[in-house]
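Notes for the one structure printed next.
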Amino acid sequence: MVNLVITNACNLACPFCFASEYLADGAADAERMSLEQFRRHVAWAGGDTVRFCGGEPTVHPDFLELLALALDQDGRRAFIMTNGVWPDAVRRRLAELPTGQAVRITYLFNVLEPAFYTAAQAHMLDQTLAAPNPLAITLGLTLHRADQDVDHVFHRARRHGIRRIRYSVASPNATDPGSWLLDARRDFPALAALVHRVVMEGRARGLTVHSDCGYIPPCLFTDAQRRDLETPHPSAPGPAYTCNGPVDLGPTGEAWRCYGLYSVVRAHTREHADAASLHDAFERRAHELGDANLLFDECAACDWRARGQCAGGCYALRVTATARQHASGAGVDLADDESLRAAVPRLNAGAFHVTGGRLPVLMVREDGAWAPLDASPVEERLLGCCDGVRDVGALAVELARGLGRAVPVPEVARALRRLQGRGVVGWVAAPGRGPLA
Ligand code: SF4
Ligand code: SF4
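Numbering (our numbering), first residue to last: 1 to 437.
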């Protein structure tokens, strides 16, 4: 399954944005897939469905042309993952599509609680939801807060005659502390109750309710909740306690295994003959990450895990939680840029090396093999000056000297979070500071 990320521009600000590490600051900075890149990536991805993803795919200025290209081939289908706040031209065009094309498009509308829309956005979403055939629509609900309102999804489904709901649990992005919203131990029991409620209420309303990315592991449901959810039901398949991460593919051929692992599990299409090969490589790497980052200590001896019934929780959640735990053990608050200023990073010897002669390539040890680190210029220089003695503030000054421009501490912090996620740096205990609570 390959999602074509045709742009990183977006016209909304979801509180749990899954793409926050890649999202453009504004339209001027946005990356956009060209028609030529799109043709190439569609051919490389194969399959009978072109999956549009973003940012918000419909704000791509050539979205309608790209969609026409996708439908150009007889029988090929399109799947559009969207926030529903569509430009008028897109809404008008899609409402007027000839039936032969309209029936080949399905939609996932990721919707938010009403408070997150301006009046104009709410109006646009409402108009959009009324445009396609309701049977082609799934409403997406992302769980990101234990006390979240979910009734709006049922209201929208009733109002527009939509029959399908997909729920997912928000995942964190390794380099963006603003996305570290959920703590499994603290929040998942309440979210388990919410999932139970959504599924039961959906069933009672005759809706098909299914899960997607992110999942609450079985140990966090009560026995009664689990029994209810696992009881076979025609409109709600039982929960899957595993993750089936997609390959997300950006304009230039950079690919990542789901946005949750955007900065941690990466490759380029040129390194793989086809999508199946890249997908397999991503799965191996994700499993290796999973083994190195357990969600709970109990996972090590868990029967559900041993039987293959639970994969042990979202990998992105596990990587982020472990990175924070390690940093916290050294007295470093990884979430806070200002406290990072005084923290001292150190290199993990043996976790990476430089190869490639005249064109040096940083290699990182992954999955028992060496893979390119794809370090940014800041990351490369950071690795060159990180000596286990100087703190982040001093390294920012050194980087500024080397790069010939100011390098703010938050930029260094972002680079360090990613490098820690890849296992390349750790932390020297700050003198006089005990572990954080
Ligand atoms: S690791 Fe799995 S559950 Fe976590 S964000 Fe990626 S696809 Fe979703
Ligand atoms: S493997 Fe871990 S997360 Fe999954 S059920 Fe067992 S203890 Fe829970």
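Every residue gets a Cβ at the ideal spot worked out from N, C-alpha and C, and that includes glycine. As the structure is a computational prediction, the values presented were derived from the model and not from experiment.
Please return the same chain residues whose Cβ sits closer than 6 angstroms to the Cβ of residue i, not counting the five positions on each side in sequence.
i	result
Phe38	Leu66
Ala415	Val378, Glu379, Leu382
Leu64	Arg93
Ala60	Strictly speaking, residue 60 in this sequence is His, with Ala absent from that position. Contacts found: Ile6, Thr7, Arg32.
Pro217	Tyr241, Cys310, Gly313
Tyr441	Residue 441 is absent from the structure shown; the chain starts at 1 and stops at 437.
How about residue i: is its Cβ closer than 7 angstroms to a heavy atom in ligand 4?
i	result
Pro189	Looking for ligand 4 in the displayed structure turns up nothing; the ligands present are ligand 1 and ligand 2.
So for residue i, helix, strand or coil by DSSP?
i	result
Leu436	Low confidence applies here, because Leu436 scores a pLDDT of 48, under 50, leaving its location unreliable and the question unanswered by this model.
Leu66	helix
His41	helix
Ala351	coil
Asp187	helix
Leu4	strand
Cys167	Note on residue identity: the sequence assigns Tyr, not Cys, to residue 167. Residue state, collapsed to three classes: strand.
Pro372	strand
Gly426	strand
Phe154	helix
Val389	coil
Gly140	strand
Arg257	strand
Asp48	coil
Arg365	strand
Asp147	coil
Arg417	helix
Val332	coil
Asp176	strand
Pro410	helix
Arg341	coil
Arg32	strand
Arg405	coil
Ala130	coil
Sorted by chain position, which residues of the same chain lie with C-beta nearer than 8 angstroms to residue i's C-beta, five sequence neighbours on each side aside?
i	result
Val409	Asp337, Glu338, Leu340, Arg341, Val392, Gly393, Ala396
Leu278	Val247, Ala255, Ala267, Thr269, Glu271, His272
Val364	Ala351, Phe352, Trp370, Ala371, Pro372, Leu373, Arg422, Gly423, Val424
Ser211	Arg166, Tyr167, Ser168, Val195, Pro239, Ala240
Arg197	Val150
Pro98	none
Leu334	Pro177, Ala323, Arg324, Ala327, Ser328, Leu340, Arg417, Gln420
Thr106	Arg77, Ala78, Phe79, Ile80, Ala136, Ile137, Thr138
Ser235	Gly202, Arg203, Gly206, Leu207, Thr208, Val209
Leu69	Leu35, Phe38, Arg39, Val42
For residue i, which residues from the same chain have a beta carbon less than 7 angstroms from its beta carbon, with the 5 sequence-adjacent residues on both sides left out?
i	result
Asp62	Leu35
Asp29	none
Gln101	Leu71
Ser20	Asn173, Asp176, Gly178, Ser179
Arg91	Gln127, Thr128, Ala131
Ala429	Ala330, Gly331
Tyr22	Asn8, Tyr262
Leu191	Leu143, Ala146, Val169, Ile216
Cys299	Arg305, Gly312
task = Only counting runs of 3 or more residues, tell me where the beta strand (DSSP E) segments fall wholly within the stretch 190 to 255, in order along the chain.
result = Segments of the beta strand (DSSP E) lying fully in the stretch 190 to 255: 208 to 211, 247 to 249.
task = Inspect the CB distances between the stretch 338 to 355 and the stretch 420 to 428 and report whether three or more fall short of 8 angstroms.
result = Segments in contact, yes.
message = Just to confirm the assignment: which complete alpha helix (DSSP H) runs, minimum length 4, are found wholly within the stretch 77 to 123?
response = Qualifying alpha helix (DSSP H) stretches, in chain order: 88 to 96, 99 to 102.
inquiry  = Taking contact to mean 3 or more Cβ pairs, one atom from each stretch, closer than 8 angstroms, check whether the stretch 367 to 385 and the stretch 312 to 326 are in contact.
reply    = Inter-segment contact for the stretch 367 to 385 and the stretch 312 to 326 is absent: fewer than three beta-carbon pairs are separated by less than 8 angstroms.
Distance cut 5 angstroms, beta-carbon to ligand 1 heavy atom: residue list by chain order = My final list is Ser171, Cys213, Gly214, Cys243, Gly245, Cys258, Gly260, Cys314, Tyr315, Ala316.
request  = Please determine if the stretch 191 to 209 and the stretch 147 to 157 are in contact, where contact requires at least 3 C-beta pairs separated by less than 8 angstroms.
outcome  = Counting Cβ pairs under 8 angstroms, three or more are found: they touch.
request  = Check each residue's C-beta against every heavy atom of ligand 2 and list, in chain order, those closer than 6 angstroms.
outcome  = Residues flagged by the Cβ proximity filter: Pro217, Pro218, Cys219, Leu295, Phe296, Glu298, Cys299, Cys302, Trp304, Arg305, Cys310, Gly312, Gly313.
task = Please determine if the stretch 279 to 290 and the stretch 212 to 231 are in contact, where contact requires at least 3 C-beta pairs separated by less than 8 angstroms.
result = In short, these stretches do not touch, since the Cβ pair count stays below three.
key: Any alpha helix (DSSP H) of 4 or more consecutive residues that is wholly inside the stretch 261 to 314   = Segments of the alpha helix (DSSP H) lying fully in the stretch 261 to 314: 275 to 292, 303 to 306.
ask   = Does the stretch 121 to 130 come close enough to the stretch 168 to 178 to have 3 or more Cβ pairs within less than 8 angstroms?
value = The stretch 121 to 130 is not in contact with the stretch 168 to 178.
key: the stretch 128 to 147 contacting the stretch 78 to 91, beta-carbon criterion three pairs below 8 angstroms   = The stretch 128 to 147 vs the stretch 78 to 91: in contact.
query = Are three or more beta carbon pairs between the stretch 53 to 62 and the stretch 72 to 83 nearer than 8 angstroms?
reply = Yes, the stretch 53 to 62 is in contact with the stretch 72 to 83.
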